[in-house]
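Step one of this worksheet: look at the structure below.
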Amino acid sequence: MSENCMVCDSSSAQYHFGATVCRACAAFFRRYVNTKKLTILCNCLSKKESQYPCRLCRMKKCLAVGMERCKVQGPRDINNSLKRKMIEGSSPTYSLSSGSPASTISNIEFGITPRSVELINLLAKNYRNLEATRSTIFNISEEKNALGVNLYELSLEVKTDAKLLWKLCETTFPQFDRLDRSDKKTLFYNFYSKWSILEVAIFSTKYNDPHNFYSPSGSVAKSINDFYVNTVREEAILTEEEVIRIFEPYWTYHFQNVIGPLVKLQFGETENMALFGIMLWDAGYVNVSEELADVCHSMRKIICRELSSYLAENDVSPSRFFETLDTINIIEVTKAEHKCQEEIELCGVYNFEVDEDMRKMVMWEKY
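Counting from 1, one number per residue, gives the positions in the sequence shown under the UniProt record's numbering.
Spelled out as structure tokens, the structure:
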């Protein structure tokens with residue numbers, strides 16, 4: 001059964017630009033965003049009841065139901081001088097005679113402005129706030145940090161930190177906040193393992209230490225022998241030599257094939273935050289519905305567009321854009337997530353305790 005348009009109530013509506021609307025209203029919204037207009041005061045009172053509302057009222061209704069300008073791509077024919085000016089955001093010159101009161105102009109739309117990094121900047125700001133919150137919640141002193149964390153302590157941090165990251169996603173992305181809880185969980189659980197792997201590299205760069213793992217609080221992981229602690233039984237199942245033999249290859253693998261190459265890329269804050277968004281809005285999993293995939297594709301386009309704009313504005317080589325996106329391939333090709341799952345499975349075999357919430361996120365089935 002088809003839904004009605006949220007703007008004009010006509011039938012056969014579909015999801016466009018953030019809301020369920022008909023094609024006519026979607027086309028109107030696209031044209032309105034991509035062309036310059038001088039919008040005069042509302043003239044709905046002079047129109048027949050059978051006619052659409054004026055442009056101003058119709059646009060306000062579009063925005064009210066959730067349609068978003070940022071989801072509309074700019075005009076493609078930038079060779080046209082008028083369209084090029086619109087994309088560049090140049091303002092037209094209007095000549096108002098002395099007898100024309102300025103009060104007759106209620107709103108001026110100059111088309112789309114130059115592409116910015118507004119969303120990535122907001123994400124970066126909220127992530128900095130997250131780091132401050134981590135410092136307060138975990139309250140890690142230099143003395144405590146020097147002692148390091150073991151596996152179970154790390155898993156408890158992850159349990160708390162996942163809630164903070166979930167809230168960050170809701171705060172930064174209204175599109176995420178509007179999803180039902182099932183879709184939120186799907187996206188977040190798909191995202192978390194990849195992001196935690198990248199964040200280890202971010203911490204390694206931050207602390208100039210590519211040879212240690214860091215927890216969300218910024219604490220360094222204990223040595224292998226002390227990291228895997230049997231908290232379930234008093235007697236250890238494995239000797240220290242056996243722990244090293246079983247688990248050291250996983251540490252070596254991550255440092256050599258994942259963390260090391262990521263640290264060498266020396267990404268800045270903007271690139272890391274772009275990767276946060278791209279990883280979150282990833283539709284390439286079997287558990288993502290078609291409707292949710294459409295939202296993911298739209299959000300990824302916005303983030304990639306902002307990243308490209310940022311790199312261009314800072315005269316960075318275009319190859320940097322592809323290096324940034326290739327980070328995801330590094331994590332996927334090296335099967336870093338699969339290695340983490342193997343490690344967690346072995347912890348279960350040898351009774352090394354891991355918090356259940358962390359275990360569920362790491363072992364989440366998405367392929």
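Ideal Cβ placement from N, Cα and C applies to all residues, glycine included.
A direct Cα-Cα distance of roughly 15 Å separates Phe29 from Asp9.
For Ala19, the uninterrupted beta strand (DSSP E) segment begins and ends at 19-21. At least 8 Å separates the beta-carbon of Ile303 from that of Val258. In this structure the segment 10-20 touches the segment 61-70; the number of beta carbon pairs closer than 8 Å is three or more.
Counting along the chain, His297 sits inside no beta strand (DSSP E); it lies in the alpha helix (DSSP H) bounded by residues 290-313. In the three-state reduction of the DSSP assignment, Tyr214 falls in the strand class, which pools E and B. Non-local beta-carbon contacts of Thr334 in its own chain, meaning distances under 7 Å to residues more than five positions away in sequence, involve Asn257, Val258 in chain order.
Taking 8 Å as the cut-off, the Cβ atoms of Glu353 and Tyr152 count as close.
Contact annotation, Asn34 with Val72: C-beta distance approximately 7 Å; criterion of less than 8 Å satisfied. Under DSSP, Val220 takes part in a beta bridge, and its partners are Tyr214. When only Cα atoms are considered, Tyr32 and Leu56 end up about 10 Å apart.
With contact defined as three or more Cβ pairs closer than 8 Å, the segment 261-269 and the segment 211-218 are not in contact. The alpha-carbon of Val117 is positioned some 10 Å away from that of Ala124. Shown here for Lys61: same chain residues with a beta carbon closer than 6 Å to its own, the five before and five after excluded, namely Val7 in chain order. Put simply, of Arg178, Pro261, Thr239 the residue whose alpha carbon is nearest the alpha carbon of Asn225 is Thr239. Note that the C-beta distance between Tyr250 and Glu343 is below 8 Å. From the listed residues Trp195, Arg320, Cys347, Ile246, the smallest Cα separation to Phe276 is found for Trp195. Only residues of its own chain outside the window of five on either side were considered, and among them Ser289, Leu292 have a CB closer than 8 Å to the CB of Asp183, listed in chain order. If you draw a straight line from the Cα of Met358 to the Cα of Cys5, it comes to about 42 Å. Excluding the 5 residues flanking it on each side, Val362 has same chain C-beta neighbours closer than 7 Å at Ser193, Cys340, Gln341, Ile344, in chain order. Per DSSP, the beta bridge partners of Ala13 are Glu3. The straight-line gap separating the alpha-carbon atoms of Val21 and Ala13 is approximately 5 Å.
Under the three-state reduction of DSSP, Val158 is assigned to helix. Per DSSP, reduced to three states, the secondary structure at Val149 is strand.
For Trp281 against Arg305, the beta-carbon gap comes to about 13 Å, at or over 8 Å, which does not count as contact.
Here Lys206 is not near Asn150, since their CB atoms are 8 Å or more apart.
Cβ-Cβ distances below 6 Å link Glu3 to Ala13, Thr20 in the same chain, with the five nearest sequence neighbours on each side left out; the list follows chain order. By the C-beta density criterion, Gly348 is exposed, having fewer than 16 other C-beta atoms within 10 angstroms.
A residue is called buried once 16 or more other Cβ atoms fall within 10 Å of its Cβ, and Gly284, having fewer, is exposed. In the three-state DSSP reduction, Asp177 falls in the helix class (H, G or I). The alpha-carbon separation between Cys169 and Thr186 amounts to approximately 13 Å.
The residues Leu265, in chain order, have a CB closer than 8 Å to that of Glu323 in the same chain once the five nearest residues on each side in sequence are set aside. Pairing Cys70 with Tyr189, the inter-Cα distance amounts to about 26 Å. Annotated three-state conformation of Gln256 is helix, per DSSP.
Burial state of Ser155 is buried, judged by a 10 Å Cβ sphere holding 16 or more other Cβ atoms. Bounds of the alpha helix (DSSP H) holding Ile120 are 118-138.
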